[in-house]
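If you count by numbering that gives the first Met the number 0, then the sequence shown holds residues 0 to 180, one letter each, in order.
One structure below.
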Amino acid sequence: MRFLATLVVVSTAVLVASPAATPGASTKVERRAPLEAAVVRELNRVRAAKGLRPLRAAPSLRTAARSHSGAMLANGFFGHDSADGTAFSERIKRYYTSRGWTTWSVGEALLASQGSVIDAKAIVAAWLDSPPHRAIILSPTWRDAGVGALYAPSAPRELGGADAIVVTADFGVREGRAGAQ
0 MRFLATLVVV STAVLVASPA ATPGASTKVE RRAPLEAAVV RELNRVRAAK
50 GLRPLRAAPS LRTAARSHSG AMLANGFFGH DSADGTAFSE RIKRYYTSRG
100 WTTWSVGEAL LASQGSVIDA KAIVAAWLDS PPHRAIILSP TWRDAGVGAL
150 YAPSAPRELG GADAIVVTAD FGVREGRAGA Q
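Here it is as structure tokens:
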């Protein structure tokens, strides 16, 4: 099985190589909620082994991650920025707001896998094999996380027209209520 990983706080992107897509085809996208939960558990297992506190599941980050994974599969692109060029941090901010916080930061990891099955350990292992991704996952900065894992039987354009799973992991921290004394 071939897969690709990328992560951001500012990071890099890689893409799966597959056959060419059929132009104009509609893409059916399916959520993989059990995989999402398993990735968060695996991230926390790895973090605990390094003495780091666990990440809290953040519904707003999960929604941001699912939205981005879905957009990549439906529109056939792979990258942190949205198809319209919106930076990943601005996209995430729509869901995981910075309003009212003195400290706000987000990071992101992406993975695309050819086929219909991949497990959480393989996903996290791929990220850990990449130094920038490893640094994000093992950063004590993050408090919250949300994972969006989606599958398409025929992902267009850059994703090659084959079946694929795309996983987005969004990490965040919000601290210090603005204006609180």
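Backbone N, C-alpha and C define an ideal beta-carbon position, used for all residues, glycine too.
Note that the coordinates shown come from a computational prediction; the quantities given were computed from them, not determined experimentally.
According to DSSP, is W141 part of a helix, a strand, or is it coil? On the sequence shown, residue 141 is found 142 positions in, with the first residue counted as 1. Looking at W141 - three-state DSSP - the assignment turns out to be coil, as it is neither helix nor strand.
Which one of A82, Y94, G106 has the shortest CA to CA distance from T140? Position 141 of the sequence shown, counting from 1, holds the residue named residue 140. Per the Cα distances, G106.
With C-beta atoms as the reference, is T62 less than 8 Å away from V172? Taking the first residue of the sequence shown as 1, we reach residue 62 at position 63. Taking the first residue of the sequence shown as 1, we reach residue 172 at position 173. Between T62 and V172, the C-beta gap is not smaller than 8 Å, which leaves the two residues out of contact.
Which class does S115 belong to by DSSP, given the choice of helix, strand or coil? On the sequence shown, position 116 is the one that residue 115 refers to. Here S115 sits in coil by DSSP.
Between which two residues does the alpha helix (DSSP H) containing G69 stretch? One-based indexing of the sequence shown puts residue 69 at position 70. For G69, the enclosing alpha helix (DSSP H) stretches over residues 58-74.
Is there contact between the segment 120-131 and the segment 83-102, where contact requires at least three CB pairs shorter than 8 Å? no
Give the DSSP bridge partners of F87, in chain order. Within the sequence shown, numbered from 1, the residue matching residue 87 stands at position 88. Paired residue(s): none; F87 is not in a bridge.
Got a sec? Which residues, its chain only, sit under 7 Å from D82 by beta carbon, not counting five neighbours each side? For the purposes of this step, residue 82 is identified with residue 83 of the sequence shown, where counting begins at 1. The sequence shown places Ala at residue 82, not Asp. Here the set comprises A70, N74, F76.
May I have the straight-line CA-CA distance separating G78 from G178, to the nearest angstrom? Taking the sequence shown and counting its residues from 1, the one referred to as residue 78 is at position 79. Taking the sequence shown and counting its residues from 1, the one referred to as residue 178 is at position 179. If I take the Cα positions, the gap works out to 36 Å.
For A32, which option in I164, F170, A47 has the closest C-alpha, if you only look at C-alpha atoms? One-based indexing of the sequence shown puts residue 32 at position 33. The option with the nearest alpha carbon to A32 is I164.
Mind checking who Y150 pairs with in its DSSP beta bridge? Stepping through the sequence shown from its first residue, residue 150 is reached at position 151. DSSP, once it has assigned bridges, lists E29, I164 as partnering Y150.
Do you know offhand how far L60's Cα is from D169's? One-based indexing of the sequence shown puts residue 60 at position 61. One-based indexing of the sequence shown puts residue 169 at position 170. Cα to Cα, L60 sits roughly 6 Å from D169.
Would you kindly report the start and end of the unbroken alpha helix (DSSP H) that includes A134? Sequence index remark: in the sequence shown, residue 134 carries index 135 (1-based). Segment 130-136, the alpha helix (DSSP H) holding A134.
For a quick check, are the C-beta atoms of E35 and V116 less than 8 Å apart? By one-based count along the sequence shown, residue 35 stands at place 36. By one-based count along the sequence shown, residue 116 stands at place 117. One thing to note: E35 has its Cβ no nearer than 8 Å to the Cβ of V116.
Assign P155 to one of two classes, buried (16 or more other C-beta atoms within 10 Å of its C-beta) or exposed (fewer than that). Sequence index remark: in the sequence shown, residue 155 carries index 156 (1-based). Classification for P155: buried.
How would you label T96, buried or exposed, when you count the other beta carbons within 10 angstroms and need 16 or more for buried? As a position in the sequence shown, residue 96 is number 97, starting the count at 1. So T96 counts as exposed.
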